[in-house]
Each structure stands twice: as structure tokens, then as C-alpha cells.
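Novice: The opening residue of the sequence shown carries number 5 in my numbering; numbering runs sequentially from there.
Let me begin by handing over the structure; questions about it come next.
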Amino acid sequence: MANILITGASGFIGSFLVEEGLKNGFQVYAGIRKSSSRQYLGDPRIHFLELDFSTTAKVKDTLLACREKNLRFQYIVHNAGLTKARKKEDFYNVNCLNTIHFIEALVETEMVPEKFVFISSLAAYGPGNPETGQPVRLADEPRPIELYGKSKLEAERYITSLKDFPWLIIRPTGVYGPKEKDYFIFFQTINRGMEPYIGFRKQVLTFIYVRDLVRLVFLALGSGIVRKAYFVSDGKEYPSELFAEITKRVLGRKTVRFTVPLGMVRMIAVAGEKVSSLWGGMPTLNTDKYNVLRSTNWRCEVEPLQSDFGFTAGYDLEKGVEEAIAWYKKEGWL
Ligand SMILES: NC(=O)c1ccc[n+]([C@@H]2O[C@H](COP(=O)([O-])OP(=O)(O)OC[C@H]3O[C@@H](n4cnc5c(N)ncnc54)[C@H](OP(=O)(O)O)[C@@H]3O)[C@@H](O)[C@H]2O)c1
């Protein structure tokens, strides 16, 4: 049985990666921190590995201890990352620097796996052209519009500069599903009878349901392909009104629709940043977030998923939202 190490295993996507790894017959090592919750990692077959990525030396110590016990990882999915940060520099430190420390340690301890999957993000490339409406393509020049995407791109640039390193880069668009906490806020808002929009321009969103994403990751691991990057969505596009329509239908709710003008959102973001800068923090609504909210084209090229891995999404938004909302209700979140 092959060993797989999944970092960020305690998080939303990580816990599904762990479940999928077990389903696929791997010996699964959940890479976590001392402080990580194990709430969603209850399966007794899971092995745990505490990793501190803050320096190369610390990761090396852990890897050397594994090597001494004859424990090697044939596969690694480096999924640990920050999508939100309290301080600007956290994005770079966690998403980029930690990735560099991890890979340096793997190389220096001669623990390089057969395949190393880096979970990046569509944000590393930024949105597509709003005028043409064309999807972001693999051949495009990356144009991240916020620090999060920039930090993922920096990590990608380091990874792709390595000689003979067996990387695969996966760049999902918005991922939703059980346990997820950001789209959940939208579901909760609709459930309370409010349907908010930001700005008057039409937005086209893309999504991938978490179970489809983790299935794709394991198809990619099992393929002979290395040193290639992929965008991941369910292949469909959804005007933001459709996202709301589907959610309302699934929740059986009527809503009051309202639009917050972009100018007002920007004002709040700028003011919040000024205040937070006094203690070096970053507010939830900041100018980065504003840039994301005002982008209208989140289409991305996904045809290579089908041609390289035979992947087609099993969930469209309607099916995924139904399953996610059923989970939120069962768990008492909604
Ligand atoms: N959710 C999306 O829509 C989306 C879209 C595209 C890409 N992604 C990428 O997918 C990955 C997982 O995201 P998610 O949505 O599952 O986020 P999440 O629920 O917040 O999980 C993040 C995971 O990363 C770990 N982590 C954070 N900082 C760390 C550090 N300094 N050292 C070690 N581990 C650390 C967390 O550990 P603790 O539990 O200890 O905090 C947690 O296990 C990220 O790399 C993210 O950029 C997410």
C-alpha cells in the first residue's frame, strides 16, 4: 500500500482529501500542526504527522525521523495554506515560504516523493478579461489581483523552477461543500431572507464541489503526468443570480434583493484598512477583497482535465448545493 502525506489535513479540503485517500486504499498520513483540530479526522486508519513549516530545519527534523523509521511517502499533497490572513505578510509566509521550506527539506533529506501535488488556486492567475469574457487559459500570463493569489503564484514559480522535481499544480476555482465556512455565510444570508449583490455589473462565477475536487486530485496522482498545471472547475459557468436562485430553491426561501454599490464597498474597505493598519492587521473587507468582488469573469479553461485524466464533474451547482445544505442542516449550522 502506498503512503500519502496530505498537509493541511485538518481543514475543509484537507479532510476530504484524507477521506478520498483512505477510499483509494492509501496509507494516509495527515499532516497537521500541534494546534490543529482533529474534529474531522476521526477515522482510526489515519496516521498523524505534526509538521512545522516555519523553517527548513524543522521540517527536515521531522522527515529524518520518518526516514529513520523507514517511513517514506510515495505521494504528497501540499494543501496547507491560508485563504484569509490577519496580517498581509502571513499570505507570503504560509503559502509561499512554507512551501519552499517543505520542498527544500524533502530534497535535502532525499525524501522527494514520486509525485508532489501543490494545491494552488485560480487566484494565482486572477480573473479573466471582463471585456471578452474569455476563460483564463493555461497559456495566459498570470495576473493575480490580491496578495493571496500573488503568494500562490510565487510558490508556483519556485516549484516550476526546480529541475527534476515531480510536481503537479492544481488551481481550483471556488470550492464549496460540507464544512466550508465562506460560501456558508452566503447560504446563511439567503436563509435569513436577504439576497445581497455587490455592484450592478453581471458577475460570472465558477465552482467545484469539494468531492469532485478530491476525486480529481487522486486521478491526477494515479496518472503518469507530472510537471503540468491545471485549473479546476465543474466546467459550467454561473451568473451570480443563478447561485442565489439555486440556494433559494434548495432552502425553500423567499428573499429581499438589494445591491450595495461598488463605490460604497470600496469606501468601507479603504477605511477599514486605514484603521487596521494602526495595529498592522487586515480587515475582512479589504481592498484585495474588493478587487475580487468587483471582478466579473471567473471562467477558466478546464478541458485538459478531461483529456489528461478523463475527469468530468459529478456535481453541478444544484446537486452540490443540495448536498452541502443537507449537511449544514444535519449539523445544525442552518
Ligand atoms: N476553499 C477554496 O475555495 C479554495 C480554492 C482554491 C484553493 N484553495 C486552497 O486549498 C487549500 C485548503 O484550503 P481550505 O479551503 O481547505 O482552507 P482551510 O479550511 O482554512 O484549511 C487550511 C489548512 O491549512 C492549514 N494551515 C494553515 N496555516 C498553516 C501553517 N502555517 N502551517 C501548517 N498548516 C497550516 C490549516 O491548519 P489548522 O487547522 O491548524 O489551521 C488547515 O488544515 C489552501 O491551500 C487554499 O489556498 C482553496
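Cβ coordinates follow ideal geometry from the N, Cα and C atoms, glycine included.
Since the model is a prediction, treat every value here as computed from it, not as a measurement.
Within 8 Å, do at least three Cβ pairs link the stretch 149-161 to the stretch 288-300?
Specialist: The stretch 288-300, when compared against the stretch 149-161, does touch it at the 8 Å Cβ threshold.
Novice: Could you give the C-beta distance for Y79 and P117, rounded to a whole number, given that I count them as a contact under 8 Å?
Specialist: Indeed they touch by this definition, with Cβ atoms about 5 Å apart.
Novice: Are there 16 or more other CB atoms within 10 angstroms of the CB of T288, so buried, or fewer, so exposed?
Specialist: Flag for T288 reads exposed.
Novice: Can you tell me where the alpha helix (DSSP H) with A275 in it begins and where it stops?
Specialist: Taken as a continuous stretch (DSSP letters only), the alpha helix (DSSP H) holding A275 covers L266 to S281.
Novice: Rounded to a whole number of angstroms, what is the C-alpha to C-alpha distance between G35 and F57?
Specialist: For G35 and F57, the distance between alpha carbons rounds to 11 Å.
Novice: Would you please state the rounded distance, in angstroms, between the beta carbons of A248 and E199? I believe it to be under 8 Å.
Specialist: Right, their Cβ atoms sit about 5 Å apart.
Novice: So what's Q31 in DSSP terms, helix, strand or just coil?
Specialist: Correct three-state label for Q31: strand.
Novice: Quick one: using the 10 Å Cβ neighbour count with 16 as the cut-off for buried, is H51 buried or exposed?
Specialist: Label assigned to H51: exposed.
Novice: State the start and end residues of the unbroken alpha helix (DSSP H) segment that holds I229.
Specialist: Where I229 is concerned, there is no enclosing alpha helix (DSSP H), given that its DSSP letter is neither H nor E.
Novice: Could you tell me which of G276, F313 and Q207 sits nearest to P134, measuring between CA atoms?
Specialist: Answer by Cα proximity: Q207.
Novice: Secondary structure at A7, three-state DSSP: helix, strand or coil?
Specialist: Just to set this straight, residue 7 is Asn in the shown sequence, not Ala. Looking at N7 - three-state DSSP - the assignment turns out to be strand.
Novice: Would DSSP call R298 helix, strand or coil?
Specialist: DSSP places R298 in helix when its eight states are reduced to three.
Novice: Given a threshold of 16 other Cβ atoms within 10 Å of its Cβ, counted over all protein chains shown, does F95 qualify as buried or as exposed?
Specialist: So F95 counts as buried.
Novice: Please tell me whether, using a cut-off of 7 Å, the distance from the CB of S237 to the nearest non-hydrogen atom of ligand 1 is below it.
Specialist: Outside the cutoff, so no.
Novice: Kindly confirm or deny that the stretch 223-239 and the stretch 273-280 touch, where touching means at least three C-beta pairs closer than 8 Å.
Specialist: The answer is no - the stretch 273-280 does not touch the stretch 223-239, with fewer than three Cβ pairs under 8 Å.
Novice: Classify D216: buried if its beta carbon has 16 or more other beta carbons within 10 angstroms, exposed otherwise.
Specialist: Classification of D216: buried, given that the 10 Å Cβ count is 16 or more.
Novice: Given 8 Å as the limit, is there contact between the stretch 8-17 and the stretch 178-186, that is, 3 or more CB pairs closer than that?
Specialist: The stretch 8-17 is in contact with the stretch 178-186.
Novice: Would you identify the three-state DSSP class for G178, choosing helix, strand or coil?
Specialist: DSSP places G178 in strand when its eight states are reduced to three.
Novice: With a 10 Å radius around its C-beta and 16 neighbouring C-beta atoms as the bar for buried, classify P131 as buried or exposed.
Specialist: Buried, by the Cβ-count rule.
Novice: For ligand 1, I want to know if S244 counts as a neighbour, meaning its beta carbon is within less than 7 Å of at least one of the ligand's heavy atoms.
Specialist: S244 Cβ: outside cutoff for every heavy atom of ligand 1.
Novice: How many angstroms separate the CA atom of G68 from the CA atom of P265?
Specialist: At residue 68 the sequence reads Leu, which differs from the Gly that was named. For L68 and P265, the distance between alpha carbons rounds to 55 Å.
Novice: If we require 4 or more residues per run, which alpha helix (DSSP H) segments fall completely within the stretch 133-184?
Specialist: Runs of the alpha helix (DSSP H) inside the stretch 133-184: 151-165.
Novice: Between R42 and ligand 1, is there a pair consisting of the residue's CB and a ligand heavy atom that are separated by less than 7 Å?
Specialist: Checking the Cβ of R42 against ligand 1 gives no.
Novice: Just tell me which of T164, K92, T60 and T103 has its CA closest to the CA of S281.
Specialist: Among T164, K92, T60 and T103, the Cα nearest to that of S281 is on K92.
Novice: Taking only the alpha-carbon atoms, compute the straight-line gap between Q310 and T316 and give it to the nearest angstrom.
Specialist: Cα to Cα, the separation comes out at about 6 Å.
Novice: For R141, I'd like the list of residues in its chain whose CB is within less than 7 Å of its CB, leaving aside the five on either flank, ordered along the chain.
Specialist: Contacts found: E305.
Novice: Spatial neighbours of I272 within its chain, please: C-beta separation below 8 Å, excluding the five flanking residues on both sides.
Specialist: The answer, listed in chain order, is L289.
Novice: Is it right to say E72 is buried, meaning 16 or more other beta carbons lie within 10 angstroms of its own, or is it exposed?
Specialist: That one is exposed.
Novice: Helix or strand or just coil, what does DSSP make of E307?
Specialist: In the structure shown, E307 sits in a helix (DSSP, three-state: H, G or I).
Novice: Looking only at its chain, what residues have a beta carbon closer than 6 Å to the beta carbon of G178, apart from the 5 residues adjacent to it on each side?
Specialist: Cβ within range, chain order: F211.
Novice: Between which residues of its own chain and S40 is the CB-CB distance below 7 Å, once the five residues before and five after are set aside?
Specialist: Cβ neighbours of S40 beyond the five flanking positions: S14.
Novice: If you draw a straight line from the alpha carbon of K154 to that of N102, how long is it in whole angstroms?
Specialist: Distance between the alpha carbons of K154 and N102: 15 Å.
Novice: Any heavy atom of ligand 1 closer than 7 Å to the beta-carbon of L142?
Specialist: Answer for L142: no, Cβ out of range of ligand 1.
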